[in-house]
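Asks:
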Amino acid sequence: MDASDLRGKTPDELRTELTNLKKEAFNLRFQAATSQLENTARVRSVKRSIARVNTILNEKARGAEAEA
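In case it helps, this note's numbering puts the sequence shown at residues -14 to 53.
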C-alpha cells in the first residue's frame, strides 16, 4: 500500500481500510500465539500500513482544520 494511493482516498474509505488492517493484525497476532504464523514479515508490514493510514487521516484532519 503506497502513501500516494492513500492520499487519493476519502476519510471514510481510510477508516474502512484502517478497520480491515486492524482485523488482519489481530488475526496475525492470534496465529503467532498459536504457532500457526507462516509469514512473520506480514506482521511488520501490516503495522506499518496501519501507521501510514493513521498518518494520512491526521494530515487530512489538519488540512480541514486549517481551511475552516
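All residues carry an ideal CB built from backbone N, CA and C; glycine is no exception.
From residue 6 to residue 26, what distance separates their C-alpha atoms?
Replies: Reading the sequence shown from its first residue, position 21 is the one you call residue 6. Reading the sequence shown from its first residue, position 41 is the one you call residue 26. Whole-angstrom Cα-Cα distance: 15 Å.
Asks: Got a sec? Which residues, its chain only, sit under 6 Å from residue 2 by beta carbon, not counting five neighbours each side?
Replies: Walking along the sequence shown from the start, residue 2 turns up at place 17. So the list reads 38, once near-sequence residues are dropped.
Asks: Identify whether residue 9 lies in helix, strand or coil by the three-state DSSP scheme.
Replies: Counting from one through the sequence shown, the residue named residue 9 turns up at place 24. Looking at residue 9 - three-state DSSP - the assignment turns out to be helix.
Asks: Whole angstroms is fine: what's the gap from residue 48's alpha carbon to residue -11's?
Replies: Along the sequence shown, read from residue 1 onward, the residue named residue 48 stands at position 63. Along the sequence shown, read from residue 1 onward, the residue named residue -11 stands at position 4. Whole-angstrom Cα-Cα distance: 16 Å.
Asks: Excluding the 5 residues preceding and the 5 following residue 13 in the sequence, name in chain order all residues of the same chain whose CB lies nearer than 7 Å to its CB.
Replies: Sequence index remark: in the sequence shown, residue 13 carries index 28 (1-based). 22, 27, 28 and 31.
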